[in-house]
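Number 2 in full-length UniProt numbering belongs to position 2 of the sequence shown; there are no gaps in the numbering.
Here a beta-carbon is modelled for each residue, glycine too, at the ideal position from N, C-alpha and C.
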Amino acid sequence: MTEMKDNSIDVYGYIVNTAEKQSKDGQFVEIKFQVDAKLLDGKRDALAACLADMVFLKLTPRQTELNTDDEPDDQQPPRDVTPASGQIDFIDGGEA
Numbered sequence: 001m002t003e004m005k006d007n008s009i010d011v012y013g014y015i016v017n018t019a020e021k022q023s024k025d026g027q028f029v030e031i032k033f034q035v036d037a038k039l040l041d042g043k044r045d046a047l048a049a050c051l052a053d054m055v056f057l058k059l060t061p062r063q064t065e066l067n068t069d070d071e072p073d074d075q076q077p078p079r080d081v082t083p084a085s086g087q088i089d090f091i092d093g094g095e096a
């Protein structure tokens, strides 16, 4: 078998605390992340393998919102609003 094994684990939790710190290599932000212990059942070895290693973490808030602050992108081409062949115009109630 030549496929790579996916050793990643998925957990959901809360950011408990953040702290900005200084090291000899420069400034960094330490993030304390808390998860329910039941989410790690059977995954403790995988978690231990992640410690002190480079990992990727995607933080997605539970609630999303529409982006209404950005200016419209004038670089996008205009949408094609040509009616399709046989399309019914619901506003006028007739055929297009």
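Range covered by the alpha helix (DSSP H) that runs through residue i
i, result
"A48", "44 to 50"
Straight-line gap, residue i to residue j (C-alpha atoms, nearest Å)
i, j, result
"K5", "Y12", "22 Å"
"A48", "G26", "26 Å"
beta-carbon residue i near the ligand MG non-hydrogen atom, thresh 6 Å
i, result
"Q63", "Absence of the ligand MG is noted for the structure shown, with no ligands found whatsoever."
N-terminal and C-terminal residue of the beta strand (DSSP E) that residue i is part of
i, result
"Y14", "13 to 23"
"E30", "26 to 35"
Candidates the options, of which the one nearest residue i by Cα
i, options, result
"A19", "D36, L59, D53, K32", "K32"
"Y14", "R44, K43, L57", "L57"
"D10", "L40, N17, S23", "L40"
"E30", "D36, S8, V16", "V16"
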